[in-house]
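In the working numbering, the protein residues as written are 445 to 496.
Heads up: the structure comes next, in structure tokens.
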Ligand SMILES: [Zn+2]
């Protein structure tokens, strides 16, 4: 079952696992929300993961 994490801006990061989806969001934050890098932890992202 795929997982997805929705960014505060509406961007949806999808992956096979919650960790994959978190990696997509991390890359997205680095390009679109550099101010959030270091503010949002990987645990926070994993907690946001839901069924895609
Ligand atoms: Zn975003």
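From the three backbone atoms N, C-alpha and C, an ideal C-beta is built for every residue, glycine too.
Count the other CB atoms, across all protein chains shown, that sit within 10 Å of the CB of residue i; report buried if there are 16 or more and exposed otherwise.
i           : result
residue 445 : exposed
residue 468 : buried
residue 486 : exposed
residue 493 : buried
Verify the contact flag: residue i, CB atom, against every heavy atom of ligand 1, threshold strictly below 6 Å.
i           : result
residue 476 : yes
I need the DSSP call for residue i, collapsed to helix, strand or coil.
i           : result
residue 448 : strand
residue 479 : helix
residue 460 : coil
If I'm right that residue i touches residue j with Cβ under 8 Å, what's the distance once you round it to whole angstroms?
i           : j           : result
residue 454 : residue 448 : Incorrect: roughly 12 Å between the Cβ atoms, too far for contact.
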